[in-house]
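S.K.: Sequence lines, in order, name chains P and D. Residues in the first sequence are numbered consecutively from 5, following my numbering. Residues in the second sequence are numbered consecutively from 106, following my numbering. Ideal Cβ placement from N, Cα and C applies to all residues, glycine included.
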Amino acid sequence: MARGERLLAGGLSFDVRAGEALTITGPNGAGKSTFLRMLAGLLPVARGRITLEGAEADTPVAAQAHYLGHLNALKPALSVRENLAFWADTLGQGGAALSPAAALAAFGLAHVLDVPGGYLSTGQKRRVALARLLVAQRPLWLLDEPSAGLDAGAQAQLSAVMGRHLAAGGMIVAATHVPLGLDGAVEIHLGGDAA
Amino acid sequence: MSVAGALFMRELRLAHRVGGGASVGIVFFLILVTIVPFAIGPDLNLLARIGPAVLWIAALLATLLGLDRLFQSDMEDGSLDVLRTADLPLEVVVAVKCLAHWTATCLPLALAAPLFGLMLALDGPAMLGMAATLLAGTPALTFLGAIGAALTVSLRRGGLLMAVLILPMTIPVLIFGVSAAQAASGGTVPFYAPFLILLALSLAALALAPFAAAAALRAMSE
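1. In three-state terms, what does DSSP make of Ile136/D?
2. Run through chain P and tell me which residues come within less than 8 angstroms of Asp228/D, C-beta to C-beta.
3. Would you report the Cα separation of Pro230/D and Ser290/D, rounded to the nearest angstrom?
4. Less than 8 angstroms between the CB atoms is what I'm expecting for Leu130/D and Leu214/D, so what's the real figure, rounded?
5. Which same chain residues end up closer than 7 angstroms to Met224/D when comparing Cβ atoms and leaving out the 5 residues on each side of it in sequence?
6. Would Leu184/P pass as a contact of Thr38/P if the rule is Cβ separation under 9 angstroms?
7. According to a CB-to-CB cut-off of less than 8 angstroms, which residues of the stretch 90-117 of chain P neighbour chain D?
8. Around the Cβ of Ala152/P, are there at least 16 other Cβ atoms within 10 angstroms (buried) or fewer (exposed)?
9. With a Cβ-Cβ cutoff of 9 angstroms, do Leu188/D and Asp179/D count as a contact?
10. If the cut-off is 8 angstroms on Cβ atoms, which residues from the stretch 43-71 of chain P count as contacting chain D, listed in chain order?
11. Give a yes or no on whether the minimum CB-CB distance between Lys36/P and chain D is below 9 angstroms.
12. Anyone know if the C-beta pair for Leu147/P and Leu78/P falls short of 9 angstroms?
13. List the residues of chain P whose Cβ lies closer than 7 angstroms to the Cβ of Glu327/D, in chain order.
14. Taking 9 angstroms as the CB-CB cut-off, is Arg189/D touching chain P?
15. In whole angstroms, what separates the C-alpha of His74/P from that of Ala133/P?
16. Hey, Leu117/P and Gln128/P are a contact pair by Cβ (cut 8 angstroms); roughly how many whole angstroms apart?
17. Do Val190/P and Val20/P count as a contact pair if the criterion is CB distance below 9 angstroms?
18. Who are the neighbours of Asn76/P on chain D, taking C-beta pairs under 8 angstroms?
19. Quick one: does Gly171/D have its CB under 9 angstroms from some CB of chain P?
20. Alpha carbon to alpha carbon, what distance is there between Gln161/P and Leu154/P?
21. Less than 9 angstroms between the beta carbons of Leu138/P and Met175/P, yes or no?
22. In chain P, which residues lie with their C-beta within 8 angstroms of the C-beta of Val123/D?
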């Protein structure tokens, strides 16, 4: 795993099975986000490969994954409903996905459906970004500090949503500094400068 | 709705809501065209002769004006990262965004150009020729501009640099656009020769620019 000319970590080998979660921890700058961006196909893999079992060989992992980065991918000029409907159209692949209203309700935000994205608070924007995970069904969730900016209630809602995703046979790879309330999650610790 | 269709409609909606979309481009175009007679003076023959060139330069600037934000806003709010996980190659994303930008800004411009030609004392055939050449040539400007927009996507004030990068590449479009527009109102050059080359330039830009712009976007996000 490399960023620019700098090799960040090598010799990582792991697998995530259906219904399993993997959390990535480590100090700031250890490469957690880089790791997730690599899995999402946004950065080239320095050496090695990432494969998805059960898919056709040339299917990129990214096409089966939701990527939730630090940024919320929310257009301030469009209403929350328009934002979510757009992601449902672009990321959806059929299957039982929730409507924008139902996805927002899972994060307790049903009342902002027709509010422009720019009017929301930081935590509300994050919750709308999380609702994106529900409007299109994809088996692998790549979450970069998903709970950033969330209050205690929303963190509990996030844990519940992630629990349901795992129970339905989904997979989660999450970079985090705080416990996400995932039972039985495997942890990978990326070393800092000392490693 | 198909993925590309959804992206196209979202781009049009955003163009309409943010900054008034087409209207600002047309007003900018109108102002440029209005300034010229003030600068040159009320010599109708001279205005009619340089009219097509003035309209083309105004259209070129109005097209490039809004292009620097083509990918930047999606880069800044993370939409571009998520779009790259959609079931749509980045090249197609670029092409769809360009087509939407063209529909929102260049199409109204080409349709309004004959009207503005009145102020430059263009005659009937010349006005029609103007609209036709702008319709045929502005796709080339949009797609070439997309390369510049992709290269400057991570720069805060990339607009000027983008214009510096792209304007030299638009010279062929300008040459054949203006000569076709002038040929429409008489002259020694036949209309179709430069017009067909203009169409060819637009098709070539449409075919090649998405690959260049997508490669630039990939490189910029690393």
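M.R.: Short version:
1. helix
2. The premise fails here: Asp228/D is roughly 42 angstroms from chain P at the closest Cβ pair, so nothing lies under 8 angstroms.
3. 5 angstroms
4. Here residue 130/D is Gly; the residue named in the question, Leu, does not match the sequence. About 6 angstroms separates the two Cβ atoms, so the contact holds.
5. Val138, Thr139 and Pro142
6. no
7. Phe90, Trp91, Asp93, Thr94, Leu95 and Gln97
8. exposed
9. yes
10. Ala44, Gly45, Leu46, Leu47, Pro48, Ala66, Ala67, Ala69, His70 and Tyr71
11. no
12. no
13. Leu47
14. yes
15. 10 angstroms
16. At roughly 12 angstroms, the Cβ-Cβ gap does not stay under 8 angstroms, so Leu117/P and Gln128/P are not in contact.
17. yes
18. Asp182 and Gly183
19. no
20. 10 angstroms
21. no
22. Ala81
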